[in-house]
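First to last, the protein sequences are chains A and B.
In terms of numbering that gives the first Met the number 0, the first sequence has 212 at position 213, counting the first letter as 1, and numbering is strictly consecutive.
In terms of numbering that gives the first Met the number 0, the second sequence has 136 at position 137, counting the first letter as 1, and numbering is strictly consecutive.
A quick write-up on the structure given underneath.
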Amino acid sequence: MEHHETDADRWVDERLSALGPPGSWQPDAPAALAKLRLREAPPRHRWWLWATVSAAAAASVCVAVLLISTPPACANPRGCIAVPAAAVKTAGGQPDFKQSGSSAAPVTCELFSDFECPHCAAFYLDTLPRLSAEYIDTGKVRLLRRDAPVARHGHARMAALYADAAGEAGFYRPVAEKLYRTQAVWSANGDVESQVAAVVPAAAMEKVRAQVRNGSAADRMVTADETAARERHVDRTPMLICNGHTIGPNLSFPQIEAQIDPLVGQR
Amino acid sequence: MNAPSGAIDPVEIPADPFDFEAFFHAHYPRIARVIARVVGDHARAEDLAAEAFWKLWQTPRAQGENSGGWLYRTAVRMALNDLRSGRRRQRYESLADDPAPLPNPEEAHAAAEERKQVRHVLARLRGSQAELLILRSGGLTYDELAGALQLNPSSVGTLIARAQQAFRKEYLKHYGTP
């Protein structure tokens with residue numbers, strides 16, 4: 000019996016050896032690591048190009064933007080968007096990690112949301128996955144995520160800063176999802192950082208903390224989104240605006256679908 | 000602008016306990032080779048290996064003492080899923096995954112046929128048994144296998160024997176006595 004099992008072992012080993020000796024090929028580790036680094040870091044050069052252009056534009060428009068603005072509110076509704084101290088106009092640019100879908104999509108939608116707004120959490124967790132599956136992943140819609148922190152939500156802007164800083168480090172999506180899922184916790188205790196740290200590796204978290212404490216990139220992104228919200232007269236969150244048409248705040252998927260389909264069909 | 004003052008408590012930034020880059024260099028070649036033996040396509044193996052490392056990087060709880068085990072387990076599962084998907088099966092046969100030049104077309108064809116059969120059988124085995132056989136034939140020790148597949152080290156030998164029996168039975172069922 001024992002001899003038979005040994006033969007069986009050898010027979011199986013011989014079959015598996017047909018796949019080739021384990022050490023017969025040398026993979027290109029440096030190239031693979033370089034690709035991972037590219038994947039980890041968003042293309043900063045685009046961000047800096049955008050920042051330079053938008054900063055120049057901001058000087059000429061920020062005063063007008065502040066003058067025409069009206070206080071928006073969460074669809075909850077509980078407040079309005081904080082007036083940015085130094086507004087930076089967005090020139091249509093968003094960092095890659097806040098975009099989804101093809102740039103060739105016939106419809107571009109902007110989603111204005113507040114991490115501390117319960118309706119935004121419901122939209123992000125329940126409606127957005129379906130919107131992604133049926134419109135974004137299929138090339139019909141390109142989605143730009145924009146922060147519109149409501150002033151009365153005391154931790155909403157901090158949450159947006161953490162999310163954007165995490166995005167700079169390559170972790171926007173997991174952080175955004177975590178913040179929406181744990182909204183009740185951090186909005187009560189104010190500890191946004193712990194929630195972010197739960198989904199960001201330690202080394203990257205160090206960069207995120209530094210960015211939130213001292214960096215200006217995340218703040219510029221949030222400020223630019225706040226300015227965009229004012230320009231588009233966003234007075235509720237979550238607000239979806241597609242090809243310049245206000246689809247509406249806090250809509251169900253069928254309602255969104257009914258309004259987006261004609262826009263898709265126009266192209 | 001800085002973050003609102005007082006909103007963030009100053010904290011000690013601990014030294015990073017997980018050196019991803021060192022870990023990558025230590026494990027990537029072996030991981031990619033294990034995957035390549037399953038999928039039979041070096042480029043695809045590199046893609047899947049990189050994906051496994053990306054998952055590790057995005058999973059903080061997997062980073063630490065048992066990262067190696069987590070990574071091998073993830074990698075072999077991804078390789079088996081890829082194999083089972085069958086999407087690239089056509090490519091397997093056209094790409095050169097031969098470990099060494101073969102002397103004539105008949106032997107080359109026989110070797111390719113053998114690889115195809117082995118992969119077909121692996122794809123039909125129970126996941127845990129296929130993972131065990133692949134990692135073992137990839138050169139992992141019993142301790143490494145126990146760590147990677149979260150097994151009791153004392154039962155690894157028994158489980159390997161069962162996996163081999165299952166492989167042999169499945170192989171003979173499809174291809175008869177070799």
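Even glycine gets a Cβ: it sits at the ideal position worked out from N, Cα and C.
CA-CA distance, residue 171 (chain A) and residue 27 (chain A)? 29 Å
State the beta-bridge partners of residue 230 (chain A) as determined by DSSP. Partner(s): none; residue 230 (chain A) has no beta bridge.
Within-8 Å CB hit, residue 88 (chain A) to chain B: Caution is warranted here: a pLDDT of 32 is assigned to residue 88 (chain A), below 50, making its placement in the model unreliable, and no coordinate value can be reported.
If residue 233 (chain A) sits next to residue 111 (chain A), beta carbons under 8 Å apart, how far is it from one beta carbon to the other, in whole angstroms? 5 Å
Under a Cβ-count criterion, where at least 16 other Cβ atoms within 10 Å of its own Cβ denotes burial, should residue 99 (chain A) be classed as buried or exposed? buried
CA nearest to the CA of residue 168 (chain A), picked from A:154, A:157, A:35: A:35
Assign residue 18 (chain A) to one of two classes, buried (16 or more other C-beta atoms within 10 Å of its C-beta) or exposed (fewer than that). buried
Taking all protein chains shown into account, decide if residue 274 (chain A) is buried (16 or more other Cβ within 10 angstroms of its Cβ) or exposed. In the structure as shown, chain A starts at 0 and stops at 266, and residue 274 (chain A) therefore has no counterpart that could be examined.
Could you check the C-alpha separation between residue 31 (chain A) and residue 247 (chain A) for me, to the nearest Å? 44 Å
Residue 159 (chain A) vs residue 146 (chain A) beta-carbon contact at 8 Å: yes
Measuring CA to CA, which of A:182, A:9, A:210, A:258 is closest to residue 123 (chain A)? A:182
Pairwise C-alpha distance: residue 42 (chain B) and residue 142 (chain B): The straight-line gap from Cα to Cα measures roughly 29 Å.
Would DSSP call residue 236 (chain A) helix, strand or coil? Per DSSP, reduced to three states, the secondary structure at residue 236 (chain A) is coil, with no helix or strand assignment.
Mind checking residue 165 (chain A): buried by the 16 CB within 10 Å criterion, or exposed? buried
Ranges of the alpha helix (DSSP H) found wholly within the region 112-159 of chain A, counting only runs of at least 4: 117-121, 127-130
Can you list the residues of chain B that residue 237 (chain A) reaches, using a CB-CB cut of under 7 Å? Result: empty, since nearest Cβ-Cβ is about 24 Å, beyond 7 Å.
Start-to-end residues for the beta strand (DSSP E) that takes in residue 73 (chain B): Where residue 73 (chain B) is concerned, there is no enclosing beta strand (DSSP E), although the alpha helix (DSSP H) it sits in stretches over 66-84.
Determine the DSSP secondary structure at residue 98 (chain A), reduced to helix, strand or coil. strand
State buried or exposed for residue 219 (chain A), treating a residue as buried only when at least 16 other CB atoms are found within 10 Å of its CB. buried
Quick one: is residue 126 (chain A) buried, meaning 16 or more other Cβ sit within 10 Å of its Cβ, or exposed? buried
When you check each C-beta in the region 191-205 of chain A against every C-beta of chain B, which residues fall closer than 9 Å? Within the region 191-205 of chain A, those residues whose Cβ lies closer than 9 Å to any Cβ of chain B are, in chain order, 191, 192, 196, 197, 198, 199, 200, 201, 202, 203, 204, 205.
Would you say residue 32 (chain B) faces chain A, with C-beta separation under 8 Å as the test? At least one chain A Cβ lies under 8 Å of residue 32 (chain B).
Restricting to Cα atoms, I'd like to know which of A:264, A:262, A:252 is closest to residue 128 (chain A). A:252
So, is residue 106 (chain B) buried or exposed, given that buried needs 16 or more other C-beta atoms within 10 angstroms? exposed
Any residues in the region 127-141 of chain B with a beta carbon nearer than 7 Å to a beta carbon of chain A? Which ones, in chain order? 132, 136, 137, 138
Below 8 Å on the Cβ atoms is my guess for residue 144 (chain A) versus residue 177 (chain A); work out the distance and round it to an integer in Å. Residue 144 (chain A) to residue 177 (chain A), Cβ: 15 Å. No contact.
Distance check for residue 226 (chain A) and residue 89 (chain A), CA to CA, integer angstroms please. Bear in mind that the predicted position of residue 89 (chain A) carries a pLDDT of just 36, short of 50, making it too unreliable to give a figure here.
Just to make sure I have the definition right: I need the residues of chain B whose C-beta is within less than 9 Å of the C-beta of residue 14 (chain A). Which are they? Scanning chain B for C-beta atoms nearer than 9 Å to the C-beta of residue 14 (chain A) yields 113, 116, 117, 120, 166, 167, 170, 177, reported in chain order.
Kindly identify the DSSP beta-bridge partner or partners of residue 248 (chain A). A:238
Could you spell out where the alpha helix (DSSP H) holding residue 62 (chain B) opens and where it closes? Counting along the chain, residue 62 (chain B) falls outside any alpha helix (DSSP H), and DSSP gives it neither H nor E.
Helix, strand or coil at residue 199 (chain A) [DSSP, three-state]: coil
I want to see whether chain A comes within less than 8 Å of residue 27 (chain B), judged by CB atoms only; does it? yes
Measure from the alpha carbon of residue 28 (chain B) to the alpha carbon of each residue in B:19, B:58, B:44, then state which is nearest. B:44
On the DSSP bridge assignment, give the partners of residue 106 (chain A) in chain order. A:140
So, with DSSP's three-state summary, where would you put residue 126 (chain B)? Collapsing the DSSP output to three states places residue 126 (chain B) in a helix.
Could you list which residues in chain D have their beta carbon closer than 8 Å to that of residue 35 (chain A), in chain order? Note that chain D does not occur in the displayed structure, where the protein chains are A and B.
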